[in-house]
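Scroll down for the structure; my scribbles are underneath it.
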């Protein structure tokens with residue numbers, strides 16, 4: 254399959270060119286045909302046509318004006334928002350489309366983390382039904398990583414507190430144009446019924462970021478700015494351990510201790 258656009262490197266564009274992979278990605282969505290669906294970065298429309306066949310309400314968000322024009326010419330009735338997905342107001346979009354959103358897309362590698370955090374905020378706000386997203390395989394592995402492993406970190410904790418995450422399948426670099434330097438994976442995220450509120454999630458995220466920014470230090474030292482010079486706001490059982498040893502729910506408990514001591 255040839256691509257009608259020249260990929261722009263500064264936009265992180267790697268266009269999917271394999272129809273079979275596109276169908277597998279779309280099949281990862283479990284939403285009904287009447288559910289509102291948002292596609293992130295449709296590019297040349299590898300997923301878009303398949304999505305239109307399956308879903309009645311589809312909106313695409315595309316930053317590249319060339320791609321938006323191409324999509325509009327190919328599907329004149331397609332609901333296109335031209336703009337940066339990092340500026341998306343997910344609660345407003347869900348209110349406009351009438352229900353929690355199912356989100357799908359091939360995420361540019363260089364902004365994968367910011368997009369993930371925006372989707373996690375949407376999950377915490379109760380406006381995300383599911384997300385099926387393709388990303389670098391190494392990042393996908395972090396989402397499901399367990400404590401005391403090299404991959405376990407900020408993304409692991411943030412995602413696991415709010416969503417059930419599953420790697421659906423790996424994707425070869427050979428199905429893209431141009432070929433990326435790394436392999437990819439398709440991940441499905443489903444908000445947890447017992448997930449945190451948006452305020453709780455953001456408070457925990459501050460503690461998690463601070464702890465993992467100095468992951469080789471014990472929490473007594475890495476959280477000194479929050480827990481006092483002697484770490485007295487941290488329970489004794491955690492003062493001498495590193496961030497990677499705490500489970501996601503341990504971080505929720507730890508945040509409660511730190512907040513109560515302020």
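Numbering (my numbering), first residue to last: 254 to 515. For each residue, glycine too, the CB sits at the ideal point set by N, CA and C. Since this is a predicted model, take the numbers as computed values, not measurements.
**Report entry** Closest Cα partner of residue 456 within the set 369, 414, 447
**Finding:** 414
Query raised in the report: Taking the alpha helix (DSSP H) that residue 365 falls in, what are its first and last residues?
Result: That run of the alpha helix (DSSP H) goes 365-377.
Requested in this report: Would you kindly report the start and end of the unbroken beta strand (DSSP E) that includes residue 419?
Outcome: 416-424
Query raised in the report: Since residue 451 and residue 378 are thought to touch, with beta carbons under 8 Å apart, how far apart are those beta carbons, to the nearest angstrom?
Result: 5 Å
Report task. Closer than 7 Å by C-beta to residue 318: which residues in its own chain qualify, once you throw out the five before and the five after it? Chain order, please. Result -> 335
Requested in this report: Using 10 angstroms around the beta-carbon of residue 255, count the other beta-carbons present and answer buried if the total reaches 16, otherwise exposed.
Outcome: Confidence in residue 255 is poor, its pLDDT being 48 and thus under 50, which makes the residue's placement too unreliable to answer from.
**Report entry** Three-pair Cβ contact test at 8 Å for the segment 492-511 versus the segment 396-413
**Finding:** yes
Query - Local Cβ density within 10 Å of residue 383, reported as buried at 16 or more and exposed below that - result: Residue 383 is buried by the Cβ-count criterion.
Query raised in the report: So, helix, strand or coil for residue 255, using DSSP?
Result: For residue 255, the predicted model reports a pLDDT of 48, less than 50, meaning its position is unreliable; a value from the coordinates is still stated below. Reduced to three states, the DSSP call for residue 255 is coil.
Requested in this report: Write down the C-beta distance between residue 355 and residue 282 rounded to the nearest angstrom, noting that I regard them as a contact closer than 8 Å.
Outcome: 6 Å
Query raised in the report: Is residue 445 near residue 436, with beta carbons less than 8 Å apart?
Result: Cβ atoms of residue 445 and residue 436: not closer than 8 Å.
Query raised in the report: Going along the chain, which unbroken runs of the alpha helix (DSSP H) with 4 or more residues stay wholly within the segment 307-355?
Result: The qualifying runs are 318-327, 343-350.
Query - Candidates 479, 270, 473: closest to residue 297 by CA position - result: 270
Report task. Classify residue 430 as buried or exposed, calling it buried when 16 or more other Cβ atoms lie within 10 Å of its own Cβ. Result -> buried
Report task. Report back the beta-carbon spacing between residue 392 and residue 504 to the nearest angstrom; my notes put them in contact at under 8 Å. Result -> In fact, because the Cβ distance is near 20 Å, the residues do not count as touching under 8 Å.
Query raised in the report: Should the segment 287-295 be regarded as contacting the segment 336-352, the criterion being three or more beta carbon pairs within less than 8 Å?
Result: yes
Report task. For residue 327, count neighbouring C-beta atoms within 10 Å of its own C-beta (all shown protein chains included) and say buried if the count is 16 or more, exposed if not. Result -> exposed
Query raised in the report: Among 489, 350, 454, 459, which residue has its Cα nearest to the Cα of residue 471?
Result: 489
Query raised in the report: Considering only C-alpha positions, which residue in the set 346, 307, 299 is nearest to residue 323?
Result: When only C-alpha atoms are compared, the closest one is 299.
Requested in this report: Starting from residue 528, trace the alpha helix (DSSP H) both ways and give me its first and last residue.
Outcome: Because the chain here runs from 254 to 515, residue 528 falls outside it and cannot be looked at.
Report task. Could you please give me the residues that DSSP links to residue 388 through a beta bridge? Result -> 438
**Report entry** Contact under 8 Å by Cβ, residue 357 with residue 385
**Finding:** yes
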